[in-house]
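Data first, discussion second: the structure below is written as structure tokens.
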Ligand code: ADP
């Protein structure tokens, strides 16, 4: 049984994340989308809001579950009995940091491997921070995120 964790902030989830989830569904038996609940980070959406949004988006994929976690990813992976971490790579700039984290996690927990999926070309520019920046100025973000979460993002920037 290949159970993989796809961790991230997902603040908010974008078409880039969804592309990685859809491709992972074909590679692994079970996928846990794990929303990092980092109280130190000033997020736009609370962890439970992000979990609810993602659940709605992945509801047609029976092998995908969504939850939030706090603390070390390796501890969460052990708890979930998962030995694969999925991460997306957009550009070379992602690489150095991701490599360091993946190697650290592997040293700490040798049973745990990180699998990198390269982003689809049409989403390589896309990040949650770009979405937040655009939305904060009232920009059109309909090419970046699914339509059901557009009003939720707009609501956050209303004032
Ligand atoms: P984090 O704060 O952990 O980087 P993100 O929510 O920004 O969380 O991203 C979660 C994962 O999804 C990361 O591995 C990131 O590289 C990947 N990702 C983000 N945007 C894209 C995209 N447009 N295409 C492919 N992967 C992406």
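Residue numbers (the working numbering): 41 to 199.
The beta-carbon is built from N, C-alpha and C at its ideal position, and this holds for glycine as well.
In terms of CA proximity to residue 196, 90 leads the group 45, 90, 47. Not one heavy atom of the ligand ADP is found less than 7 Å from the C-beta of residue 186. Sixteen is the threshold: when 16 or more other Cβ atoms of the shown chains lie within 10 Å of the Cβ of residue 185, as they do, the residue is buried. Annotated three-state conformation of residue 191 is helix, per DSSP. For residue 153, DSSP records a beta bridge to 124. Ranked by how close their Cα comes to the Cα of residue 167, the residues 42, 69, 142, 130 have 130 in first place.
The stretch 94-108 and the stretch 61-73 touch, with no fewer than 3 CB-CB distances between them shorter than 8 Å.
In the assembly as shown, residue 93 is a buried residue. Its beta-carbon has 16 or more other beta-carbons within 10 Å. Here residue 177 carries a coil assignment [DSSP, helix/strand/coil].
Residue 84 has its alpha-carbon roughly 10 Å from the corresponding atom of residue 50.
Note on geometry: alpha-carbon atoms of residue 127 and residue 191 lie some 28 Å from one another. Beta bridge pairing from DSSP links residue 46 with 73. When distances are taken from the beta-carbon of residue 130 to the heavy atoms of the ligand ADP, the shortest one is below 7 Å. Residue state for residue 92 is assigned as helix, using DSSP reduced to three classes. Within a 10 Å sphere around the beta-carbon of residue 75 sit 16 or more other beta-carbons, which makes this residue buried.
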